[in-house]
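Structure first, then comments.
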Amino acid sequence: MIKVENLDVVYGVNETRNHVVRSVSFEVGHGETLGIVGESGCGKSTLLRSLAGLEGGWTGSVHFNGKPVGKARNREELKLAQMVFQDPYGSLHPRHRIGTALAEPIRAMGTGDGWSQVSKALQQVGLPAHFASRFPHELSGGQRQRVAIARALILSPPILLLDEPTSALDVSIQAEVLNLLADQREERNLTYVLVSHDLSVIAHMCDRVLVMQNGIFVDELTKADLRAGTTHADYSRELFEASFL
Amino acid sequence: MPDRDMQPVLSVRNLNVRFGRNAIAAVSEASFDVGRERIGIVGESGSGKSTTGRAIMRLLPAKASITAERLDFNGEPLLAKSEKEMGRLRGKDLALIMQDPRYSLNPVLTIGKQIAESAKLHLGLKGRDALTHARHMLERVRIKDPERVLKLYPHQISGGMGQRVMIAMMLIAKPKLVIADEPTSALDVSVRKDVLMLLDELVRENNSGLILISHDIRMVAAFCERILVMYSGRIVETLTSLDDARHPYTRGLIAAMPDPRHPVSRLKVLDRASIEAEIAR
């Protein structure tokens, strides 16, 4: 479903040159959930943003569904992958009602005004339809993240890119959002790339995990590895030990 | 000295905190004692855990009304103290470590100046002595190149380093009680462990009491001798180990956390109706 080859991201030039993602390659199968784990600054979010088409400065090749996609995306390419961000407080326009936010992707794609799909999209993520007339500040953090997921799903993309989707939430709310993501994955046969610093969330959601450090993958773990606590690199062992005090 | 250990550093009975005319109390009827031990307060956002910490420090805004049958620190009632007396107590005997070092350090002063200020205030040191002490404290919190770090500004250091600087500043006066409010939430997991270990080591060495406020029940359980679980402003349970959890809220909270060693296909979510029913009983 996703094929990435020799992806590089470099910021700045000369003294300020910062090689953030160093020639990484990976593939994600159809319906698979790939986890990427690492510390802040390891390049995991930059990698995901490059896949989403939000970073302009990458080199290498990215294929979605067998077709190569470039830095500038056309509408068809944008419909293939949508993203959910970490901070539900920052990712919704504070002065747009929830309905406007949800209808916007459809309007932007030029396929209608989108209003007819709003109430269905809200109900699919477990929110009442009348939330469409609310503003983001009238919702809790977990409800806002549900709206962000609904907005990403409204174009029915086969791929969902998730950047720390539950880091800003309480554990009890995190459980609800992770369950919602798992249900949607099953229902729509979605492919996920989930970036997180939290190994327990990654282990719960993912079929396969890549451990990232300083812009490269240092380890690859399967679900069985995670369950047994097996690691193949020093860094991932450290990360494992630190995660489960 | 066993008899000194017997007397709690902090004794709280029926603490109530209310904001303005709000009908719902932020903290209601909270009672606990803290000796020279490490206790944890866990709960979700809005459960009143941070408000409890701030009420002890008397750092809540003026619109908050705090009432308590007893709020004694070292045998003296905190609520009877004037703002000036509290000012003398804060930082010296009662220390607060907050979540994000980026906001709790002064951005326009160097790290050295800020730690030295603490040494000047609480130890009465002057000029060069204060700075030497600051460097010594940086060594104590295991910062590799203290001479260089002393001259840096807060934006030039990492989050983990910033939190170590905060710990160094707080512990310079050897406080009797340290309140750490989410001290590691803004840090990476790999740094989190180091910071907690360091806090633990220094608190033990000074023989201080520690209140660790966090949303992470597993981390608190690994670190503290006793855990107070808060839900909607009330302490619903006091635990020594997570296995003893009886209250549906605590059990729900533990079950809601993904555990790689016990994988489940669906995570349990809190059944708030049954929790409310349990509390009403």
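Residue numbers (the numbering used here), protein chains in the order written: chain P, 1 to 245; chain E, 1001 to 1281. Glycine included, each C-beta is placed from N, C-alpha and C at the ideal position. Computed from a predicted model, the values in this text were never measured in an experiment.
Whole-angstrom distance between residue j and residue i, CA atom to CA atom
i: ALA1245/E; j: HIS93/P; result: 41 angstroms
i: GLY12/P; j: VAL69/P; result: 24 angstroms
i: PHE131/P; j: VAL1269/E; result: 22 angstroms
i: LEU1079/E; j: ILE1066/E; result: 8 angstroms
i: ARG1128/E; j: ASN1206/E; result: 24 angstroms
i: ALA1130/E; j: LEU1152/E; result: 17 angstroms
i: GLY1141/E; j: ILE1157/E; result: Gly is not the amino acid found at residue 1141/E; the sequence shown has Val there. Whole-angstrom Cα-Cα distance: 14 angstroms.
i: LEU34/P; j: GLN123/P; result: 27 angstroms
i: LEU161/P; j: ARG185/P; result: 12 angstroms
i: GLU176/P; j: LYS1084/E; result: 47 angstroms
i: GLY1046/E; j: ALA1026/E; result: 8 angstroms
i: GLU1076/E; j: ASP1033/E; result: 14 angstroms
i: PRO1061/E; j: ARG1226/E; result: 29 angstroms
i: ASP1271/E; j: ALA1277/E; result: 10 angstroms
i: ARG237/P; j: VAL195/P; result: 18 angstroms
i: ALA1116/E; j: ALA1134/E; result: 5 angstroms
i: SER140/P; j: ALA1023/E; result: 20 angstroms
i: ALA1173/E; j: PRO1146/E; result: 19 angstroms
i: GLU76/P; j: ARG97/P; result: 27 angstroms
Close beta carbons around residue i, own chain, < 6 angstroms, minus the five adjacent residues each side
i: LEU1253/E; result: ILE1217
i: MET1170/E; result: ALA1095 and ILE1097
i: ILE173/P; result: GLY142
i: MET1086/E; result: ARG1058
i: ASN18/P; result: TYR11 and GLY12
i: PHE246/P; result: Because chain P in this structure spans residues 1 to 245, residue 246/P falls outside the shown range and cannot be described.
i: LEU210/P; result: ILE36, PHE217 and GLU220
i: ILE149/P; result: VAL84 and VAL125
Exposed unless 16 or more other CB atoms sit within 10 angstroms - verdict on residue i
i: VAL1108/E; result: exposed
i: GLN145/P; result: buried
i: HIS197/P; result: buried
i: HIS232/P; result: exposed
i: GLY110/P; result: exposed
i: SER50/P; result: buried
i: GLN82/P; result: buried
i: ASP225/P; result: buried
i: VAL1264/E; result: exposed
i: SER1208/E; result: buried
i: ARG95/P; result: exposed
i: TYR1231/E; result: buried
i: ALA1119/E; result: buried
i: LYS1049/E; result: buried
i: GLN213/P; result: buried
Nearest-angstrom beta carbon gap, residue j and residue i [assumed within contact, 8 angstroms]
i: PRO157/P; j: LYS44/P; result: Not confirmed; about 20 angstroms, so no contact.
i: VAL218/P; j: TYR235/P; result: 5 angstroms
i: LYS1196/E; j: ALA1221/E; result: Note that residue 1196/E is Leu in the sequence shown here, rather than Lys. Not really, about 13 angstroms apart at Cβ, beyond 8 angstroms.
i: ALA1177/E; j: LEU1010/E; result: Just to set this straight, residue 1177/E is Leu in the shown sequence, not Ala. About 6 angstroms separates the two Cβ atoms, so the contact holds.
i: GLY56/P; j: LYS71/P; result: 6 angstroms
i: LEU1212/E; j: PHE1223/E; result: 6 angstroms
i: ASP1093/E; j: PRO1175/E; result: 5 angstroms
i: ASP87/P; j: ALA152/P; result: At roughly 14 angstroms, the Cβ-Cβ gap does not stay under 8 angstroms, so ASP87/P and ALA152/P are not in contact.
i: ALA1068/E; j: ARG1013/E; result: 6 angstroms
i: SER200/P; j: MET1257/E; result: 7 angstroms
i: LEU48/P; j: VAL24/P; result: Not quite, the Cβ-Cβ distance comes to about 12 angstroms (not below 8 angstroms), so this is no contact.
i: LEU1228/E; j: GLY1112/E; result: Between GLY1112/E and LEU1228/E the Cβ distance is about 37 angstroms, and since that is not below 8 angstroms, they are no contact.
i: ALA242/P; j: VAL1189/E; result: 5 angstroms
i: ILE1235/E; j: ALA1030/E; result: 5 angstroms
i: SER133/P; j: GLY99/P; result: 6 angstroms
Other residues of its chain near residue i: CB distance less than 7 angstroms, five sequence neighbours each side excluded
i: HIS30/P; result: MET1 and THR191
i: ASN189/P; result: GLY31
i: VAL28/P; result: MET1, ILE2, LEU34, THR191 and VAL193
i: LYS223/P; result: ASP207
i: GLN117/P; result: ILE106 and ILE154
i: ARG22/P; result: ASP8, GLY215 and ILE216
i: HIS137/P; result: PRO94
Own chain, CB closer than 8 angstroms to residue i, minus 5 neighbours either side, in chain order
i: GLN1099/E; result: ASP1181, GLU1182, PRO1183, SER1185 and ALA1186
i: PRO1002/E; result: Low confidence applies here, because PRO1002/E scores a pLDDT of 45, under 50, leaving its location unreliable and the question unanswered by this model.
i: MET205/P; result: THR33, GLY35, LEU178, LEU181, ALA182, TYR192 and LEU194
Closer than 6 angstroms: residue i CB and nearest the ligand FAD heavy atom
i: ILE149/P; result: Of the ligands one can find in the structure shown there are none, so the ligand FAD has no counterpart to examine.
Neighbour list for residue i in chain B, Cβ cutoff strictly below 7 angstroms
i: SER1045/E; result: No chain B is present in this structure, whose protein chains are P and E.
Whole runs of the alpha helix (DSSP H) within the region 141-226 of chain P, excluding any shorter than 4 residues: 141-153, 171-188 and 199-205
Whole alpha helix (DSSP H) elements within the region 1113-1143 of chain E, 4-residue minimum: 1127-1140
Every unbroken beta strand (DSSP E) inside the region 10-39 of chain P [3 residues or more]: 18-28 and 33-37
Runs of beta strand (DSSP E) wholly within the region 1055-1081 of chain E (minimum 3 residues, chain order): 1064-1067 and 1070-1073
Whole beta strand (DSSP E) elements within the region 1179-1262 of chain E, 3-residue minimum: 1209-1214, 1226-1231 and 1234-1239
Secondary structure, beta strand (DSSP E): runs of 3+ residues fully inside the region 1077-1109 of chain E: 1094-1097
Ranges of the alpha helix (DSSP H) found wholly within the region 63-122 of chain P, counting only runs of at least 4: 75-78 and 98-108
3 or more residues per run - each beta strand (DSSP E) lying fully within the region 1017-1042 of chain E: 1027-1034 and 1038-1042
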